[in-house]
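Here's the structure we're looking at; comments come further down.
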Amino acid sequence: MGTKNEPTGQKSRSFIEQARRAQIVEAAAAVVAEVGYAQTSFTRIAEKAGISKGVITYHFSGKDEILRLVVTQFFDQGWSFMEPRIRAEKTAAGQVRAWIASELEFFGGHRTEFLAMSDIMANHRSEDGSHAYGDALAEEVDALTEILTQGQQDGEIRQFDAHGVADIILRCTSGVLESWAMDATVDLEAQTALLLDFIDHAIAKDPT
Numbered sequence: 003m004g005t006k007n008e009p010t011g012q013k014s015r016s017f018i019e020q021a022r023r024a025q026i027v028e029a030a031a032a033v034v035a036e037v038g039y040a041q042t043s044f045t046r047i048a049e050k051a052g053i054s055k056g057v058i059t060y061h062f063s064g065k066d067e068i069l070r071l072v073v074t075q076f077f078d079q080g081w082s083f084m085e086p087r088i089r090a091e092k093t094a095a096g097q098v099r100a101w102i103a104s105e106l107e108f109f110g111g112h113r114t115e116f117l118a119m120s121d122i123m124a125n126h127r128s129e130d131g132s133h134a135y136g137d138a139l140a141e142e143v144d145a146l147t148e149i150l151t152q153g154q155q156d157g158e159i160r161q162f163d164a165h166g167v168a169d170i171i172l173r174c175t176s177g178v179l180e181s182w183a184m185d186a187t188v189d190l191e192a193q194t195a196l197l198l199d200f201i202d203h204a205i206a207k208d209p210t
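Numbering-wise (our numbering), the sequence shown opens with residue 3 and increments by one.
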């Protein structure tokens, strides 16, 4: 029969384990951002976190698991930031603006994590050699396509290939972020304003 103290102890251990895993993932992101995907190793991650490699292998099955978490956790955090801002808009055009503006704002506030995520997504491969995050990128295009399609159905925005335009919008957003990733002095706020103005004109319904 258990005691009243056991559940608390189990929760404490679970919390400690989660905190340690978070520490390792954060250190991994910093290492990738500093030295690049190819040079990231357990040794470098351990040094950055101030722990031994044995601690890492205790909590993770391998580097693949850690790097995937760097990406997925950052994605989840980003979407948690973006989603309420998108849903708060009542029009398709407003939702598109909120999507792009909030994505650029979130990434702009987390440069280290963004650099790490971008490097991992560009270089990480699945066991069959395919890009590990192709599906995630396709899902993002599909989600933005739905917003554009709804706007067309409501007569709010003009008719065009919604999927193709969604892809172009997201590629333009990626282009802005890539410029900023290469040069931290790029004015991301100004670039965001220019991109949003460009998108507004691209999707606006033709005046009658």
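We treat Cβ as the ideally placed atom computed from N, Cα and C, and that holds for glycine.
All values reported here derive from a predicted model rather than from experimental measurement.
For this session: Determine the DSSP secondary structure at His133, reduced to helix, strand or coil.
Result: strand
Exercise. Candidates Lys55, His126, Ala206: which alpha carbon is nearest Thr74's?
Worked result: His126
Exercise. Going by Cα to Cα distance, which pick from Ala192, Lys92, Met184 is closest to Ser120?
Worked result: Met184
Exercise. Taking the C-alpha atoms as reference points, what is the distance between Gln193 and Ser16?
Worked result: 43 Å
Exercise. Under 7 Å, do Lys55 and Ala32 count as touching if we go by C-beta distance?
Worked result: no
Problem set entry | DSSP-derived helix/strand/coil call for Ile159 | strand
Problem set entry | Three-way DSSP call (helix, strand, coil) for Ala206 in this model | strand
For this session: Give every residue of the same chain whose Cβ lies closer than 7 Å to the Cβ of Thr147, excluding the five residues on either side of it in the sequence, and list them in chain order.
Result: Ala164, His165, Ala168
For this session: Write down the C-beta distance between Thr42 and Ala29 rounded to the nearest angstrom, noting that I regard them as a contact closer than 8 Å.
Result: Not confirmed; about 10 Å, so no contact.
Exercise. With 16 as the cutoff for other CB atoms within 10 Å, does Thr175 come out buried or exposed?
Worked result: buried
For this session: Closer than 8 Å by C-beta to Asp202: which residues in its own chain qualify, once you throw out the five before and the five after it? Chain order, please.
Result: Ala95, Arg99
Exercise. Any idea if Ala35 is buried or exposed, counting beta-carbon neighbours within 10 angstroms, 16 or more meaning buried?
Worked result: buried
For this session: Could you tell me whether the Cβ atoms of Ser104 and Met84 are closer together than 7 Å?
Result: yes
Problem set entry | Cβ neighbours of Gly80 in the same chain (closer than 6 Å, five flanking residues each side left out) | Phe108
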